[in-house]
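Visitor: Mind having a look at this structure? Questions to follow.
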Amino acid sequence: MTPVKTTTTPHAPTAVPAARTRAPGTARGPRRRPGLLRRTALPYVLLLPALALEVLVHLLPIVMGVLMSFKELTQFHLRDWGAAPWRGLGNFTAVLDPGAPAGEALLRSFLTTCLFTVASVGLCWLLGTAAAVFLQEAFRGRALLRALFLVPYALPVYAAVITWAFMFQRDDGLVNHVLHDQLGLTGSPPFWLLGDNSFWALLVVSVWKGWPFAFLVVMAGLQNVPRELYEAGALDGAGTWRQIRAITLPSLRPVNQVLVLVLFLWTFNDFNTPFVLFGKAAPEAADLVSVHIHQSSFATWNFGAGAAMSVLLLCFLLLVTGVYLFLTSRGRKAADA
Amino acid sequence: MRRFRAVAGAAVAAALLATTTACGGGSPTGGDADASPRTLTYWASNQGPNLEADRKVLEPELRKFEERTGITVELEVVPWPDLLNRIMAATTSGQGPDVLNIGNTWSSSLQATGALLPWDEGNLARIGGRERFVEAAFASTGTAGRAPAAVPLYSMAYALYYNKKMFADAGVTRPPATWDELVATGKRLSGNGRWALGAEGSNLSNNIHQVFVLGKQHGADFFDAQGRPDFTSDGAVAAVKQYVDLMATHRIVAPGNAEYAQNQSLSDFAKGRTAMVLWQAAATTFASQGMDDNEWGVAPAPVRSGAPGRGRNVNSMVSGVNLAVFENTDNLDGALEFVEFMTSDEEQRILCGRYGSVPPVKAAQDGPAFDRPELRVLRDTLATSAAPLPQVPSESQFETVVGTAVKNLFAAAASGDAVTTESVRAELDKAQRQMPRQ
Numbered sequence: 000m001t002p003v004k005t006t007t008t009p010h011a012p013t014a015v016p017a018a019r020t021r022a023p024g025t026a027r028g029p030r031r032r033p034g035l036l037r038r039t040a041l042p043y044v045l046l047l048p049a050l051a052l053e054v055l056v057h058l059l060p061i062v063m064g065v066l067m068s069f070k071e072l073t074q075f076h077l078r079d080w081g082a083a084p085w086r087g088l089g090n091f092t093a094v095l096d097p098g099a100p101a102g103e104a105l106l107r108s109f110l111t112t113c114l115f116t117v118a119s120v121g122l123c124w125l126l127g128t129a130a131a132v133f134l135q136e137a138f139r140g141r142a143l144l145r146a147l148f149l150v151p152y153a154l155p156v157y158a159a160v161i162t163w164a165f166m167f168q169r170d171d172g173l174v175n176h177v178l179h180d181q182l183g184l185t186g187s188p189p190f191w192l193l194g195d196n197s198f199w200a201l202l203v204v205s206v207w208k209g210w211p212f213a214f215l216v217v218m219a220g221l222q223n224v225p226r227e228l229y230e231a232g233a234l235d236g237a238g239t240w241r242q243i244r245a246i247t248l249p250s251l252r253p254v255n256q257v258l259v260l261v262l263f264l265w266t267f268n269d270f271n272t273p274f275v276l277f278g279k280a281a282p283e284a285a286d287l288v289s290v291h292i293h294q295s296s297f298a299t300w301n302f303g304a305g306a307a308m309s310v311l312l313l314c315f316l317l318l319v320t321g322v323y324l325f326l327t328s329r330g331r332k333a334a335d336a
Numbered sequence: 000m001r002r003f004r005a006v007a008g009a010a011v012a013a014a015l016l017a018t019t020t021a022c023g024g025g026s027p028t029g030g031d032a033d034a035s036p037r038t039l040t041y042w043a044s045n046q047g048p049n050l051e052a053d054r055k056v057l058e059p060e061l062r063k064f065e066e067r068t069g070i071t072v073e074l075e076v077v078p079w080p081d082l083l084n085r086i087m088a089a090t091t092s093g094q095g096p097d098v099l100n101i102g103n104t105w106s107s108s109l110q111a112t113g114a115l116l117p118w119d120e121g122n123l124a125r126i127g128g129r130e131r132f133v134e135a136a137f138a139s140t141g142t143a144g145r146a147p148a149a150v151p152l153y154s155m156a157y158a159l160y161y162n163k164k165m166f167a168d169a170g171v172t173r174p175p176a177t178w179d180e181l182v183a184t185g186k187r188l189s190g191n192g193r194w195a196l197g198a199e200g201s202n203l204s205n206n207i208h209q210v211f212v213l214g215k216q217h218g219a220d221f222f223d224a225q226g227r228p229d230f231t232s233d234g235a236v237a238a239v240k241q242y243v244d245l246m247a248t249h250r251i252v253a254p255g256n257a258e259y260a261q262n263q264s265l266s267d268f269a270k271g272r273t274a275m276v277l278w279q280a281a282a283t284t285f286a287s288q289g290m291d292d293n294e295w296g297v298a299p300a301p302v303r304s305g306a307p308g309r310g311r312n313v314n315s316m317v318s319g320v321n322l323a324v325f326e327n328t329d330n331l332d333g334a335l336e337f338v339e340f341m342t343s344d345e346e347q348r349i350l351c352g353r354y355g356s357v358p359p360v361k362a363a364q365d366g367p368a369f370d371r372p373e374l375r376v377l378r379d380t381l382a383t384s385a386a387p388l389p390q391v392p393s394e395s396q397f398e399t400v401v402g403t404a405v406k407n408l409f410a411a412a413a414s415g416d417a418v419t420t421e422s423v424r425a426e427l428d429k430a431q432r433q434m435p436r437q
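Those sequence lines, one after another, are chains E and G. So for the first sequence, numbering that gives the first Met the number 0 puts the first residue at 0; every next one is plus one. So for the second sequence, numbering that gives the first Met the number 0 puts the first residue at 0; every next one is plus one.
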């Protein structure tokens, strides 16, 4: 955040008179530069309220969380957590030691989350892009399909996931009714909310919930691809598949860069889906990091360890985001050149 | 521009990430105990079939209190899944209700936070002293030797509920009194899509209630005398294995029960899909599911000897709800007055009568509402053969980690995996290693 602030400082309104006094002789300078300053400063001034709230609502709790991660914070100090004893890096070494139970559990949860995120983001993107490309062509019922596809995105998460939880019930759920009772695909009705299958149940709900966003964003991105490119491509004899690879996907690159990042962060951090689906004790196969942290903090009342895990998660996601932005920006510059 | 974009991207990322970071807190505000003498905020736990039902039961009584004292009580009924988190948030911020209901098993854990007003002799004298309450109920109000963190409000105990018609159809003439009889009866009742016993395999608290009692019957306590976790003792392992074996070995519990956590076992019972459940004060739930009172019977939960009592013959935990005063209250006098009102003989008869629970106040137990066969069993159990869950500060953690261990074992049993003494001990050992350091 700091670099943004330093960028705003030279353009602050107070700088305007100084600029005038320093360049009184030039005829064009004083007229042009205040206008330029006003134009460049205005966005930042408009950003200020949001920035202030951002600090209050997001950055301050982050700082609090980081402080907690260095403390031995259990129920004995909950009432006045400032007075909890400092533990130095103790919480971090405990949750990072793969030989210790806490570290082993966190590592397993982290790997599960990575696998889940890659699968979910990949499928969301694939489905969203395929549907958006398919709905580019005008045909009867296109508007209806577009609206229908967006339904999962418009539904309240809790209500939707609770419905899924009912559908995944072993004895009375719709999923087993179709797979086992009607199609006879399984020997005995499988559990979806317990054991290893819970990973697939979670993935299905996550993709169902996430792909309409990808669809929406890609559809918006496609509006900016000039029709002439496709016409030129068609004249050169490019088929549909070739057009998608040579025109659609490269044109969507900037959109995809943001879309994949946002999907990644949302999925990796997703708490509602696993929590509503499995309750506070998720099965090992679906024990995502966010639920794991909640379990460590609120169920076992070890807020120091929970905060340490949160800080590690924050660092990991910042690192991934930084590397991702660096690589994709470099790739794009190379492509632009 | 590229650098700016990267910076802006990082800022957006930071904003998105922030949602998982632990929430902030603050120091207690140290509220003035007499700042608002005319109002009280009361968090009630969900005792009826739904939140609205609770409001209907409580609001007339709160109006009565207002007429007598001039103090307005703002009521909020908090669902059970949220209650403990809400209390913890209130503890951290110092901004909470004046009076609140807590699960009685949380008493020691919450006592350790210092958020609840200690009920010293002076405060207890205001509500008539501890002698007014049933001993077992009062034993579940905090760590022994410390001033209680709360006082009993509603009491419950476990009993065996059975479907009379299913028993008659299978030729069973009386409810089982020992575990051997339960298994034998269970095998006669199971079959043709029906099962003998219901369980809530994914409900962590219920798992704890069941294995704690079985632990008592095996001479195990789950905590040693110093309050340190002792989950892997032979008795504890045997207790957990005995409970899970009802599904894994004896097959008298349906495998699907492994994922039950929202009282589905009670609906199965009401629909005649299972013949028995071990539950606490279930009458109102059966009635709300459309089951007539004549269709089910009730008996003391089984013990090995067949004769419930103390020590190894304990057949229930002391279940119930306690009433606590938040230490940061800005109306201490009013809060104490409200607790006195809620624990008065008259209110106890009204409230426990409506909720189908046993009044923890001895003098209130003689009403006609409590002379039903079910409540006689529950009342006797509470008085003679119920034990409080461990009154140690880490009780809440115990419920979570051991409750999860039992859930995992049920999941294994339901999937057809073997549940052995070793696998039970391994799960319990994993649970014990998750407990906070002592």
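Note that CB positions come from ideal geometry on N, CA and C, so glycine has one too.
1) Looking only at C-alpha atoms, which of G:284, G:356, G:146 and G:241 sits nearest to residue 124 of chain G?
2) With distances taken Cα to Cα, identify the nearest neighbour of residue 322 of chain E among E:304, E:154, E:39 and E:260.
3) Taking C-beta pairs closer than 7 Å, name the residues in chain G that residue 298 of chain E reaches, listed in chain order.
4) Between the Cα of residue 330 of chain E and the Cα atoms of E:170, E:253, E:294 and E:160, which residue gives the shortest distance?
5) Check whether chain G comes within 8 Å of residue 301 of chain E, counting only Cβ atoms and requiring the distance to be less than that.
6) Between the Cα of residue 368 of chain G and the Cα atoms of G:350, G:383 and G:221, which residue gives the shortest distance?
7) Give me the Cα-Cα distance between residue 122 of chain G and residue 376 of chain G, rounded to the nearest whole angstrom.
8) Among G:47, G:217, G:322 and G:334, whose alpha-carbon lies nearest the alpha-carbon of residue 312 of chain G?
9) Fully enclosed by the region 306-358 of chain G, which beta strand (DSSP E) runs are 3 residues long or longer?
10) Quick one, which of G:305, G:325, G:252 and G:357 has its alpha-carbon nearest residue 282 of chain G's?
11) Quick one: what does DSSP say residue 72 of chain G is sitting in, helix, strand or coil?
12) Counting only Cβ-Cβ distances shorter than 8 Å, please list the residues of the region 368-392 of chain G near chain C, keeping chain order.
13) Provide the residue span of the beta strand (DSSP E) that contains residue 162 of chain G, from first to last.
14) In this structure, does DSSP put residue 99 of chain G in helix, strand or coil?
15) Using the rule of at least 16 other Cβ atoms within 10 Å of the residue's Cβ for burial, across every protein chain shown, is residue 406 of chain G buried or exposed?
16) Going by C-alpha distance, which of E:159, E:83, E:148 and E:203 is nearest residue 191 of chain E?
17) Could you check which residue in G:415, G:389, G:353 and G:402 has the C-alpha nearest to that of residue 105 of chain G?
18) Does any CB atom of chain E fall closer than 8 Å to the CB of residue 396 of chain G?
19) Taking a contact to mean a Cβ-Cβ separation below 8 Å, would you say residue 385 of chain G touches residue 156 of chain G in this structure?
20) DSSP has residue 194 of chain G in a bridge; who is on the other side?
21) Pick out whichever of E:74, E:68 and E:73 has its Cα sitting closest to the Cα of residue 90 of chain E.
22) Taking the CB atoms as reference points, tell me whether residue 61 of chain G and residue 74 of chain G lie closer together than 8 Å.
23) Residue 406 of chain G CB to nearest chain E CB: under 8 Å?
24) Output the distance between the C-alpha atoms of residue 56 of chain E and residue 270 of chain E, rounded to the nearest integer angstrom.
25) With DSSP as the reference, label residue 232 of chain G as helix, strand or coil.
26) According to DSSP, is residue 68 of chain E part of a helix, a strand, or is it coil?
27) Please classify residue 44 of chain E as buried or exposed, where buried requires at least 16 other C-beta atoms within 10 Å of its C-beta.
28) Run through chain G and tell me which residues come within less than 7 Å of residue 74 of chain E, C-beta to C-beta.
29) Under the DSSP definition of a beta bridge, which residues are partnered with residue 39 of chain G?
30) Looking at the unbroken alpha helix (DSSP H) that takes in residue 149 of chain G, where does it start and where does it end?
31) State yes or no: is the C-beta of residue 135 of chain G within less than 8 Å of the C-beta of residue 317 of chain G?
32) Give every residue of the same chain whose Cβ lies closer than 8 Å to the Cβ of residue 36 of chain G, excluding the five residues on either side of it in the sequence, and list them in chain order.
33) CB-CB under 7 Å to residue 219 of chain G, same chain, minus the five flanking residues each way: which ones, in chain order?
34) Hey, which unbroken runs of the alpha helix (DSSP H) at 4 residues or more fall wholly within the region 248-295 of chain G?
35) Any contact of the region 127-139 of chain E with the region 204-216 of chain E, i.e. 3+ C-beta pairs under 8 Å?
36) Taking Cβ positions only, does residue 203 of chain G come closer than 8 Å to chain E?
Guide: Once the coordinates are examined:
1) The count along the second sequence starts at 1 and reaches residue 124 of chain G at position 125. Checked all of G:284, G:356, G:146 and G:241; the closest Cα to residue 124 of chain G is G:146.
2) Counting from 1 along the first sequence, the entry for residue 322 of chain E is found at position 323. Residue 322 of chain E has its Cα closest to that of E:260, out of E:304, E:154, E:39 and E:260.
3) Residue 298 of chain E sits at position 299 when you count from the first residue of the first sequence. Those are 399, listed as they occur along chain G.
4) Along the first sequence, read from residue 1 onward, the residue named residue 330 of chain E stands at position 331. Comparing Cα positions, the closest option is E:253.
5) Along the first sequence, read from residue 1 onward, the residue named residue 301 of chain E stands at position 302. Yes, its Cβ sits closer than 8 Å to a Cβ of chain G.
6) Locating residue 368 of chain G in the second sequence gives position 369, where the first residue counts as 1. When only C-alpha atoms are compared, the closest one is G:350.
7) Here residue 122 of chain G corresponds to residue number 123 of the second sequence, with the count starting at 1. Here residue 376 of chain G corresponds to residue number 377 of the second sequence, with the count starting at 1. Straight-line Cα distance between these residues: approximately 32 Å.
8) Numbered from 1 along the second sequence, position 313 holds the residue referred to as residue 312 of chain G. When only C-alpha atoms are compared, the closest one is G:217.
9) 318-324
10) Here residue 282 of chain G corresponds to residue number 283 of the second sequence, with the count starting at 1. Here the closest residue by C-alpha is G:357.
11) If you number the second sequence from 1, residue 72 of chain G lands on position 73. Reduced to three states, the DSSP call for residue 72 of chain G is strand.
12) Looking at the structure shown, chain C is missing, and the protein chains on hand are E and G.
13) By 1-based counting over the second sequence, the position of residue 162 of chain G is 163. Residues 157-162.
14) Residue 99 of chain G sits at position 100 when you count from the first residue of the second sequence. Of the three classes helix, strand and coil, the one that applies to residue 99 of chain G here is strand, per DSSP.
15) Taking the second sequence and counting its residues from 1, the one referred to as residue 406 of chain G is at position 407. Per the 10 Å Cβ criterion, buried.
16) Counting from one through the first sequence, the residue named residue 191 of chain E turns up at place 192. Taking only the C-alpha atoms, the option nearest residue 191 of chain E is E:203.
17) Position 106 of the second sequence, counting from 1, holds the residue named residue 105 of chain G. For the residues G:415, G:389, G:353 and G:402, the minimum Cα distance to residue 105 of chain G belongs to G:389.
18) Along the second sequence, one-based indexing puts residue 396 of chain G at 397. True, the Cβ-Cβ gap to chain E drops below 8 Å.
19) Indexing the second sequence from 1 puts residue 385 of chain G at position 386. Indexing the second sequence from 1 puts residue 156 of chain G at position 157. Cβ distance < 8 Å, so residue 385 of chain G and residue 156 of chain G count as in contact.
20) Start at 1 with the first residue of the second sequence, and residue 194 of chain G comes out as number 195. DSSP, once it has assigned bridges, lists G:273 as partnering residue 194 of chain G.
21) Taking the first sequence and counting its residues from 1, one reaches residue 90 of chain E at position 91. If we check each option's Cα against that of residue 90 of chain E, E:68 comes out closest.
22) Translated into positions along the second sequence, residue 61 of chain G becomes position 62. Translated into positions along the second sequence, residue 74 of chain G becomes position 75. Going by C-beta atoms, residue 61 of chain G is nearer than 8 Å to residue 74 of chain G.
23) Indexing the second sequence from 1 puts residue 406 of chain G at position 407. Taking Cβ atoms only, chain E reaches closer than 8 Å to residue 406 of chain G, which makes this a yes.
24) Taking the first sequence and counting its residues from 1, the one referred to as residue 56 of chain E is at position 57. Taking the first sequence and counting its residues from 1, the one referred to as residue 270 of chain E is at position 271. Cα to Cα, residue 56 of chain E sits roughly 19 Å from residue 270 of chain E.
25) As a working note, residue 232 of chain G is residue 233 in the second sequence. Of the three classes helix, strand and coil, the one that applies to residue 232 of chain G here is coil, per DSSP.
26) Start at 1 with the first residue of the first sequence, and residue 68 of chain E comes out as number 69. If DSSP states are grouped into helix, strand and coil, residue 68 of chain E belongs with coil.
27) Here the question's residue 44 of chain E lines up with position 45 in the first sequence. Residue 44 of chain E should be labelled exposed.
28) On the first sequence, position 75 is the one that residue 74 of chain E refers to. Going along chain G in sequence order, the residues near residue 74 of chain E (Cβ under 7 Å) are 108, 111, 112 and 392.
29) Walking along the second sequence from the start, residue 39 of chain G turns up at place 40. Its beta-bridge partners are G:72.
30) Here residue 149 of chain G refers to the residue found at position 150 when the second sequence is read from its first residue. Residue 149 of chain G -> no alpha helix (DSSP H), and no H or E assigned at all.
31) Taking the first residue of the second sequence as position 1, residue 135 of chain G is located at position 136. Taking the first residue of the second sequence as position 1, residue 317 of chain G is located at position 318. The answer is yes: Cβ separation under 8 Å.
32) Numbered from its first residue, the second sequence carries residue 36 of chain G at position 37. The residues are 70, 330, 332 and 333.
33) Walking along the second sequence from the start, residue 219 of chain G turns up at place 220. Closer than 7 Å at Cβ, skipping near neighbours: 232, 234, 235 and 238.
34) Listed in chain order, they are 263-269 and 282-287.
35) yes
36) In the second sequence, residue 203 of chain G corresponds to position 204, counting from 1. Yes - at least one Cβ of chain E is within 8 Å of the one on residue 203 of chain G.
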